[in-house]
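Notes follow the structure.
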Amino acid sequence: MPLFERDRYQRLPLDISSSGAPVAGSGRRPSSSSSSCATATILLFVGLCLVGAWIMASSSTSSNVNNKSAAQDDDHSAVDLTTAGGKQDGDSGGATQMKEGAPPGDTANAGGGKAASNGTAETAGTGSGQDGKKKKKDDNAAPATETKGEETVDQPDKNQTAFNDQNSNLDGDQVNDQDASRNQTLGGDQLSGDADAPKNETFAVVYGGDNGTEAIVFEEADPVPTNNSSSTISSSDDNSVPAVVVDSDAVTDNDAGEETTMAELLPSGLQAELMNETSSPATAQDDNNAGEEEALMAELLPSGQAELLNETSPATATDNNNNNKYTSTFPTQSDESSTPSSKKKKKSPTPNKTPNNETSTDESAYTFKLCNYNDSTTSTGADYIPCLDNQSAIKSLKSTKHYEHRERHCPSPAPSCLVPLPQGYRRPIPWPQSRDQIWHANVPHTKLASYKGNQNWVRLSNDSQHLVFPGGGTQFTNGAAHYLDVIADADAANVRWGTRTRVVLDVGCGVASFGGYLFDRDALTMSFAPKDEHEAQVQFALERGIPAVLAVMGTKRLPFPAGAFDLVHCARCRVPWHQEGGRLLVEADRVLRPGGLFVWSATPVYRKDEENVGIWKAMEKVTKDMCWEMVNRTSDELDQTALVVFKKPEDNECYGKRNSSASPPLCDGSDDPNAVWNVTLQTCMHRVATGQGERGARWPVQWPERLTTAPYWLNESQVGVYGKPAPEDFASDTAHWKKAVNGSYLAGMGIDWGNVRNVIDTRSVYGGFAAALRDMKVWVMNIVPVEAPDTLPIIYERGLFGMYHDWCESLSTYPRSYDLVHADHLFSSLKDRCKLRPVMAEVDRILRPEGKVIVREDRETAEEVERIAKTLHWKVGMAVSKEGERLLCFEKTMWRPTEVES
């Protein structure tokens, strides 16, 4: 019932003025002897009535509070709480909130939670009265109703308790001191993607999402004209869950410094101490208590968000500086790449200072501007790639003979500007339709369409709206599907797409149709090509939803571990394999798994002119010297081409029979084949591992079993990244991410996975996150940072792929490459090495507009990331905290600054 229903009390028959004198026209003058007595009597009567009304209201409210748990099963309660794996009662569709100015009863909350008028939503239980009767309404108030099924329920009166962010007070009358103590705001601007966004946002508990999950929504108080307008800060997708903030420690208002605890977000009768359970109880009894508390917490929140609270990231086994608390067996790529002859001097860590020595809490330090693409160093505008478009560094090169101008030359300091969008940019076409066509406006380049159109690479549609990809290539004009069959038939025993051959490297990929069609065979292809005159070929691939990176066979090793790929493919890739004693072919040998295949489709295989015959003879010699076996040389009558299949040896027998002066020579023991970061190409080959427990000694188990099987070369004596024996560490990481993804990421974050195709895991460990997404129509680029334990060989062993990278530099990819960026304790690992502002600018560069960023960090780092995200105008879709850890989900908007960097 409303706190005060004044119409229930009849007015007194006698109006009394403030002095006790009768009001004119009352019709009766009291005697002087009885005036004071009458006045006192009447005042006493009025006072008793008011006290009685207050007691009745308090009793009713107290009863509602104490019986809130019992009211959970009532269809009319404001918050419907379910068990962790339970199913919501009622409709499981998306939530709709009442908007200010909307007619009462015009919209309804599908999940059973109540939406309130005047732009607010109630958190107190509404019910239908203590005796099941409908409440009386004010004479001038229209009854607000909600429809659930065929039942009509009165909406709460607007005088009931509701959060108001504008004045930090509870609307209506205070119930008691306990409820009054809950009078704190949740800082709407903290969760806004717009730094200039108003703070007059209201707090609501509603239901939303496909699974009817509970969501805590921060909604602008201004009326919203249509449901299609994005009034919340959640994703604008119709199917996405509204913005969520769940904090077992506290949800902090960065502006006001105030906190609202999780207990305040739940019905008042629930125990606040449940949010404070420890993750490492000291005794068996504490273990039992903690388990009971976690179980009860699971009952308080729908399964997706309960999982977000309960899961703990294994990354907490490392500290913020990425120094492992445990001595892991795995060295870092940085250590591996520092050889005695070319050991790099490590710079001492520098404090994370913001521009102009401003403190990191000052948001003005995070101002972003557009990249000055009229400058010679950034002339590519919307396609700017800092480490590949550094024209000043390229002009200073002494030679470009070995494609040095196509290699990485990163500017220092790293840029913090933002890349503009192409004119007319729109959300990419979803997979699998994107394999065959993309929006022309998103990649507005037509040079390849005119240059390679006759080879079925790409064509411009008749209406000029789309770029169409028929699936062909220079060596397979009749389509990649037919070409894949030709390769499979050439070596049926060893190819076996999707079982034996799972991870493929496509050199000089063009628009990556080869890799795009291998998805149909359950094989995963890392496609790469340089940024050259074949305009935007890798950008075409990424826009199509096909994995690709920018790289070149030049003077440095590729950013992949040794023995990673099951098959290496080159179809007219324009790499001079035969030159300089097979220097580049040796690099292909390094990344190829022992027993793996090298497939070469090019004119020297089948043309008989002098030049091609000469190249073929040179190729025959160098592959023989490398002990590669020519498995088959076959022609394709349909495409009028041919290809040859070579096989890398599985043992060292052939190497032992070679002449000591043979070229290319064998490497000595000092050369680490896994050292690749900024390491110069070597012209020597590495022996094959033969020990029973050595990596590369035998082929992995068949796909898909290899996805969840710990590599045979991990053993109990090795210490994993998180301190457990390596096989157990691997299993724990796999189980953790399977639980996190299935229980939280897919259901509790408001992400429309139908719009997600290209995913990058910026700090992958064992590839558990990617493995958990296996059944989704996505691919994941696993990045192992150069300063992190080198676990990338494990990722490849399980049938996934990735690359090494230093996030203090720009990634070798085009802007707008990824739909989702996953950053698990990435930023805290970088804080002592580089500033977060340029790292966030780089994340913004590689992320597509309306793409998502998932951040898992310690609270301090997460708050700094959130402040930077606000200046980038990213929307905060969700924030969950527990025991000092924070999980955030952002959405990049179409916003771009107007000011250009000087």
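Taken in order, the sequence shown gives residues 1 to 902; the numbers are from UniProt numbering.
Ideal placement from N, C-alpha and C gives every residue a C-beta, glycine not left out.
With 16 or more neighbouring CB atoms inside 10 Å of its own CB, K531 falls in the buried class. Assignment of beta strand (DSSP E) within the segment 583 to 656, counting only whole runs of 3 or more residues, yields 592 to 601, 629 to 636, 641 to 647 in chain order. In this structure, the beta-carbon distance from V821 to T898 does not fall below 8 Å. For L643, the closest of P594, D491, L792, Q682 by C-alpha to C-alpha distance is D491. Assignment of D389 by DSSP, reduced to helix, strand and coil, places it in the coil class. Between T641 and Q475, the beta carbon gap of about 5 Å places them in contact (Cβ cut-off 8 Å). Counting along the chain, no beta strand (DSSP E) covers L707, and no H or E run does either. Nearest neighbour of V503 by Cα position, chosen from R521, Y655, T603, turns out to be R521. Per DSSP, the unbroken beta strand (DSSP E) holding M878 starts and ends at 875 to 882. In the structure shown, the three-state DSSP call for G516 is helix. Per DSSP, the unbroken alpha helix (DSSP H) holding R837 starts and ends at 836 to 846.
The DSSP-derived three-state label of G851 is strand. Measuring C-alpha to C-alpha distances from I385 to each of L460, E620, P665, S416 identifies S416 as the nearest. For H805, there is no enclosing alpha helix (DSSP H); the residue is part of the beta strand (DSSP E) that begins and ends at 802 to 805. Excluding sequence positions up to five before and after A393, its CB lies within less than 6 Å of the CB of H409, all in the same chain and listed in chain order. Per the coordinates, the alpha-carbon of R896 lies some 14 Å from the alpha-carbon of V843. If only complete runs of 4 or more residues are kept, the segment 423 to 452 shows the alpha helix (DSSP H) at 447 to 452, in order along the chain.
Unbroken alpha helix (DSSP H) stretches of 4 residues or longer found wholly inside the segment 530 to 558: 537 to 544, given in chain order. Beta-bridge pairing by DSSP links R886 to E857, S881.
Here V458 is near A449, since their CB atoms are less than 8 Å apart. In the DSSP assignment, Y818 falls within the unbroken beta strand (DSSP E) covering 818 to 824. The straight-line gap separating the alpha-carbon atoms of V701 and E404 is approximately 39 Å. A382 carries a helical assignment under DSSP once its states are collapsed to helix, strand and coil.
Taking a contact to require three or more Cβ pairs closer than 8 Å, the segment 512 to 529 and the segment 546 to 553 qualify as touching. For P470, same chain residues with a beta-carbon under 6 Å away, outside a window of 5 residues either side, are N456 in chain order. For V784, the enclosing beta strand (DSSP E) has its first and last residue at 779 to 785. Annotation: H466 to R848 spans about 18 Å, alpha carbon to alpha carbon. The beta carbons of L418 and F368 sit about 5 Å from each other, so the pair counts as a contact at 8 Å.
For V780, the closest C-alpha among the options E533, Y818, R658 is that of Y818.
In the structure shown, V486 adopts helical secondary structure according to DSSP, grouped into three states.
As computed with DSSP, C570 is found in a beta bridge with V507, W600. Taking C-alpha positions only, L811 is separated from H805 by approximately 7 Å. Per the C-alpha coordinates, the member of A481, R658, W431, W699 positioned closest to N494 is W699.
In the displayed model, G473 falls within a strand according to three-state DSSP. When the alpha-carbon of E857 is set against those of V876, E797, S829, V679, the nearest one is in S829.
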